[in-house]
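A quick write-up on the structure given underneath.
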Amino acid sequence: KSAVTHLDEHTLLAPTGHVGDAVLNAMHATELGYDSVIRLPNVLACNVVVVNGVNGKHVLAQDVQGKCELSKRRLEMACEERGLGLTFVDTSELAKK
């Protein structure tokens with residue numbers, strides 16, 4: 382699980398609030414060349430994996446299942462703007478004990 386993840390060479394996903402602020406400051410994101418940080422209200426929505434697919438890069442993201450539609454919409458827009466495919470994965474079975 383990651384609170385801040387790399388969406389592309391220039392873009393990070395980070396949660397809103399103190400956790401996101403602290404991690405971004407500690408990692409010196411601006412100095413590392415990231416010129417865009419997309420802030421999502423749900424920290425789980427920031428935990429994505431970017432893979433090379435048949436039709437280019439593709440993002441696998443946790444489906445926050447109605448917990449935060451704003452995070453889902455922001456992620457959809459970010460991927461669309463960058464020409465990235467996006468698939469939401471149901472991880473609810475992983476959360477069960």
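Residue numbers (my numbering): 382 to 478. Don't be surprised by glycine CBs; every beta carbon is placed ideally from N, CA and C.
According to the DSSP secondary-structure assignment, Gly434 is paired through a beta bridge with Gly437. In terms of Cβ geometry, Cys427 and Leu465 do not form a close pair [threshold 7 Å]. Residue pairing for Gly466: DSSP places it in a beta bridge opposite His439. The C-beta distance from Val440 to Leu467 rounds to 5 Å, short enough to fall under 8 Å. Here Ala442 is buried, its C-beta having at least 16 other C-beta atoms within 10 Å. A distance below 7 Å separates the beta carbons of Leu451 and Pro422. Between the beta-carbon of Ala459 and that of Val424 there is about 16 Å, and that puts the pair past the 8 Å contact cut. Taking the Cα of Arg463 as reference, the smallest distance to any Cα among Lys438, Cys449, Asp444, Lys448 is reached at Lys438.
Closest option to Leu388, judged by alpha-carbon separation, among Val445, Arg420, Ala403: Arg420.
In this model, Thr411 and Thr397 are separated by some 17 Å (Cα to Cα).
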